[in-house]
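Here full-length UniProt numbering is used: the first residue of the sequence shown is 1, the next is one more, and so on.
For each residue, glycine too, the CB sits at the ideal point set by N, CA and C.
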Amino acid sequence: MVPEHAIRRLIELEVRAAVQALPLQEPPAPRPDPPPSSALASDRIAYRINEAAAAIGVCRATVYKLIAAGELRAGKRGSTTLIRRVDLEAFIDAMPASRGGPKDD
């Protein structure tokens with residue numbers, strides 16, 4: 001009977017030989033970061049309420065509240081409320097910057 005340590009050694013040698021026989025492959029090149037996407041499409045000049053809400057990450061009711069408070073300009077075309085892209089951008093630019101970091105409790 002072959003001792004266990006001899007079998008382990010034989011297996012270890014076989015594994016090393018198999019690994020060395022494998023062709024070396026270069027790691028795949030990292031994927032380039034996608035370009036930053038703007039929530040506001042540059043080809044649009046105006047947005048409906050639900051589109052503006054999605055673009056700035058709030059609900060429709062919040063957009064209506066912002067309009068009523070005079071914080072966001074909007075106009076009407078018939079029964080449709082439209083918000084110009086430049087007004088959305090101005091609203092975003094006027095938002096206070098976040099300091100980040102953990103909140104103090």
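Under a 10 Å Cβ-count criterion, Ile56 is classified as buried, with 16 or more other Cβ atoms of the shown protein chains found around its own Cβ. For Gln20 and Glu26, the gap between their C-alpha atoms comes out near 15 Å. Per DSSP, reduced to three states, the secondary structure at Ile56 is helical.
When secondary structure is reduced to three states using DSSP, Ala46 falls in the strand class. In this structure, Ile45 places its C-beta atom within 7 Å of the C-beta atom of Arg85.
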